[in-house]
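Heads up: the protein sequence lines correspond to chains A and B, in order. Following numbering that gives the first Met the number 0, the numbering of the first sequence begins with 0 at its first residue and continues without gaps. Following numbering that gives the first Met the number 0, the numbering of the second sequence begins with 0 at its first residue and continues without gaps. We treat Cβ as the ideally placed atom computed from N, Cα and C, and that holds for glycine.
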Amino acid sequence: MQIPYTVKVRPDTGLYNAKLGIWLFLASEVMLFGGLFSAYILLRSGATSWFVGSEELSVPIGTFNTFVLILSSVTVVMSWASLRMNDLKKYKMYMGLTILLGLVFLVVKVLFEYMPKIEHHHIPSSHNFFAIYFVLTGLHALHVIGGLIVNGYLWGPGSKMWDTDPEQFLNRIEVAGLYWHFVDIIWIFLFPTLYLL
Amino acid sequence: MVDHDQEEPFWRKYIFSVDHKVIGLQYAITAMLFLFFGFCLILIMRWNLAYPGEVVPIVGKLLSEEGMLTPDGYNSFGVMHGTIMIFLGVVPLAVGGFGNYVLPLQLGAPDMAFPKINMFSFWSFFVGGIFMLASFFLPQGPASSGWTMYAPLSVIATTGETVWLFGMVFLITSSLLGSINFIATVIQLRTKGLTWMRLPFFVWGQFVTAFLLLLAFPPLEAAAVLQLMDRLAGSSFFMTSGLYVGGEVLEVAGGGSPLLWQHLFWFLAHPEVYVLILPGMGIVAEVITNNTRKPLWGYRSIVYSVIFLGFMSFVVWAHHMFLTGMGTKMAAFFQTTTMIISIPSVIILSALFISLWGGSIRFNTPMLFALGFLPMFGIGGLTGLPLGLASSDIHLHDTYYVIGHFHYVVAPGTIFALFAGIYYWFPKVTGKRMNEGLGKIHFFGSFICMNGVFSPMFIQGLAGISRRLYDGGASYLHAEPVLQWNEFMTMAALGLGFFQFFFIANLFISLAKGEKVSSNPWKATTLDWAATPTPPLPHVNFENIPEVYRGPYEYSMNGGGNGQKDFTPQHESVKD
């Protein structure tokens, strides 16, 4: 039997199922990162010594990556908006850009941040500052990778759905977009906490 | 969309099924097996408490060459008993089993909102369970640092701990996906006319439970990641500087805080207590209204109470940590919130008690278990009050009193509610009723034995016996006056095991040749009974999705005497 409201909006809640689902998932993600941010606060307030973020981490590279992610948030909205205006070509371009920007973020992160740190032996076992840095940014990077896989699918093989069920495909882009914004927002909290404070 | 009229292959129908009813049964059967296994672990431990260091009968050869339970084995079994009972037994049965099977039926929904995610949730749970079981085969045995995994002990523990953490990550993922599904189903798939105040209380219990799982588990996932880092990458999140292990200073950077683990852990584990109890309360409310043939007393007030309970459960966690030296101001805050959270629990329990008043009660097996739940949960709740106050907790912390308290809540509390649910919904699942005679032996035997096991724990705890002693206190002078209870409790536990065989036999006998029943054998009002065929067909819950015209418990509303029907199902419209 068909499950109701997978595509159409339920009138009294104003949501389709997947949209509610992603919001609930994001709520749990807030608690996950909230737990880690609380851990950061508790560790820092109890530590006898703590590093100044801006001295140990590269603020210019962090700033660059922040802009990359914010830009990708813009492009993902553009891809959804293009699809709403029935322009699959533009959708593909903007979604492709989103994926590209996500990749740039990861490459910069690994090449210019993780590698030099490991070289300088700034690793989790040397100090809790680096330990929490690696956990927070690493978990965030995993979220970026997850988002890239989903976006990549929706850009490539998944986009066939546009021909068969455009309404549901549009919903999927919206849900994926919400998740991608969330990944961006997490970074916007991570960046000042780790790099500037 | 798959065409379900066609016959599906076996693996799709019974193994990787997306039908909420099959998934519910998968959860329930797996969870019951785990409950049995967890119970066997504690029987071995109880044997050792009564006869420390003596050869364990039957299974001794599996434990050690000498045939006795070793102190290390005792520690491991304690951890695994707790882990299995909570995360692999009670919660999967109450939420995964009953929730999956009954919730869509009571909502008038064709399935859960996300059937594939539902299937994934079960298999993630299954993999987590395999991890936990596999850890028994490690050379140094499974995790052994207490089920709470307090650091730094857990960080320096053997490999079993790592496997435990990986297992937990799978279990957390499972309940996360499950809880999203439950909430989305309740909000989106309620049938026409089923407004919030017409939901059966069972649905409310599951709904609030799902929110607790959704929001409380992620911090434990964060904590598990941090502990894995401590163990595998050598970080010091939970390790202070200058720790001595085996006479030598531990080579870690230090600067971490063992308290951090406790905060993150109890932020989950206190809401988890309500995850354990709320589905049970939901089941009991259904069974009691059905068998007293009366509406639930104070429906609205207990719905608001359960919501309030859900909120409050997030701000009481540190009452597990009064002895950590966190300061009197913090303790004062958490004592206050703890006293406040007891109010909604009392409202719910009182409403259930008052619901009995003036009813013509049918004393069938599910009702007996539901009635057993009320005082047992009451004892569990009331004995919790001294633990919620810092001054009395100093004496009682980490003693058998604590064990007695939470086992009264979970064992004769939640597990009795779950038994009530099994006896109550068995006809729905199979179309046959469970044997009443065997059911009554099961109830009275379990009731007496449960109390025999758990009430002496209060006596031992007040005498100050620690909960973690391998010999049950035999090496301590202060334990001597209460030591004789150990043998008594072990005998009661063995008796409890004996009476469970009546239940197991009942399951199989009733399945094979139980009395066949009509589609609504209990004369119930909720949609799960009234509007669906019994047992429901795979993938088809309702031939036509029913509409709802009234509240969930309209029993004896229009007299009902003289052979008249004394109940009005939710989907019966006014003109019928």
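| Asked | Found |
| --- | --- |
| Where does S465 of chain B fall in DSSP's three states? | strand |
| I want to verify the contact list: residues of chain B whose CB lies under 9 Å from the CB of R177 of chain A, in sequence order. | In the sequence under discussion, the amino acid at residue 177 of chain A is Leu, which differs from the Arg named in the question. Result: empty, since nearest Cβ-Cβ is about 14 Å, beyond 9 Å. |
| Below 8 Å between beta carbons is the criterion; list the residues of the stretch 41-65 of chain A that meet it against any residue of chain B, in chain order. | L41, L42, G45, A46, T47 and S48 |
| May I ask you to list, following chain order, the residues of the stretch 68-97 of chain A that have a beta carbon less than 9 Å from some beta carbon of chain B? | none |
| Taking R9 of chain A as the query, report the chain B residues whose CB atoms sit under 7 Å from its CB, ordered along the chain. | Q187 |
| Distance check for A140 of chain A and F541 of chain B, CA to CA, integer angstroms please. | 45 Å |
| Looking only at its chain, what residues have a beta carbon closer than 7 Å to the beta carbon of I60 of chain A, apart from the 5 residues adjacent to it on each side? | V107, F111 and E112 |
| Suppose the cutoff is 6 Å on Cβ atoms and the five residues either side in sequence are ignored; what does the same chain contact list for Y90 of chain A look like? | S78, S81 and L82 |
| Could you compute how far the alpha carbon of E271 of chain B sits from the alpha carbon of Y93 of chain A? | 43 Å |
| Leaving aside the five residues before and after V286 of chain B along the sequence, list all residues of the same chain whose C-beta is less than 8 Å from its C-beta, in chain order. | P365, M366, F368, A369, A419, G420 and Y423 |
| Using 8 Å as the threshold, is the C-beta distance between F264 of chain B and M148 of chain B below it? | yes |
| Could you tell me if M196 of chain B is buried or exposed, where buried requires 16 or more neighbouring beta carbons within 10 angstroms of its beta carbon? | exposed |
| Hey, out of A:M160, A:L196 and A:F190, whose CA is closest to L263 of chain A's CA? | Only positions 0 to 196 of chain A appear in this structure, which leaves residue 263 of chain A out of reach. |
| Determine the direct distance from the alpha carbon of E571 of chain B to that of Y13 of chain B, and round the result to whole angstroms. | 34 Å |
| Using C-beta distances below 7 Å, list every residue in its chain close to L96 of chain A, excluding the 5 sequence neighbours before and after it, in chain order. | T74 |
| Assuming W296 of chain B is part of the alpha helix (DSSP H), what are its boundary residues? | Careful: W296 of chain B lies outside any alpha helix (DSSP H) and carries neither H nor E. |
| Taking 6 Å as the limit between beta carbons, can you name the residues of its chain near T158 of chain B, skipping five residues before and five after? | L137 |
| Could I get the ranges of all uninterrupted alpha helix (DSSP H) runs contained in the stretch 9-68 of chain A, with 4 residues as the minimum, in chain order? | 16-45 and 52-55 |
| Which residue spans inside the stretch 115-176 of chain B form an unbroken alpha helix (DSSP H) run of at least 4? | none |
| Of all the alpha helix (DSSP H) runs that stay within the bounds of the stretch 278-337 of chain B, which reach a length of 4 or more residues? | 298-311 |
| What in chain B is Cβ-close to M30 of chain A, meaning under 7 Å? | L214, P217 and P218 |
| T190 of chain B and A133 of chain B: beta carbons closer than 8 Å? | no |
| Which of the three DSSP states is assigned to R432 of chain B in this structure? | strand |
| Where do the N-terminal and C-terminal ends of the alpha helix (DSSP H) with Q226 of chain B fall, by residue? | F200 to L231 |
| Label Q563 of chain B either buried or exposed according to how many other C-beta atoms from any shown protein chain fall within 10 Å of its C-beta, with 16 as the threshold for buried. | exposed |
| Select from A:I187, A:H120 and A:I184 the residue whose C-alpha is nearest the C-alpha of A232 of chain B. | A:H120 |
| Are there 16 or more other CB atoms within 10 angstroms of the CB of N290 of chain B, so buried, or fewer, so exposed? | buried |
| Is the shortest distance between the beta-carbon of Y39 of chain A and the beta-carbons of chain B less than 8 Å? | no |
| Just confirm the distance between the C-beta atoms of L68 of chain B and F33 of chain B, as a whole number of angstroms; I'd bet it's less than 8 Å. | Not really, about 20 Å apart at Cβ, beyond 8 Å. |
| Counting only Cβ-Cβ distances shorter than 7 Å, please list the residues of the stretch 318-340 of chain B near chain A, keeping chain order. | none |
| Any beta carbon of chain B sitting closer than 8 Å to that of G34 of chain A? | yes |
| Using only CA atoms, which one of B:P480, B:D470, B:S445 and B:F446 lies nearest to I458 of chain B? | B:P480 |
| Assign R230 of chain B to one of two classes, buried (16 or more other C-beta atoms within 10 Å of its C-beta) or exposed (fewer than that). | buried |
| Is DSSP giving Y243 of chain B helix, strand or coil here? | strand |
| Secondary structure at K564 of chain B, three-state DSSP: helix, strand or coil? | coil |
| Measure the CB-CB distance between M306 of chain B and V207 of chain B and report whether it falls below 8 Å. | One point to set straight first is that residue 306 of chain B is Ile, not Met, in the sequence displayed. Yes, these two residues count as a Cβ contact at 8 Å. |
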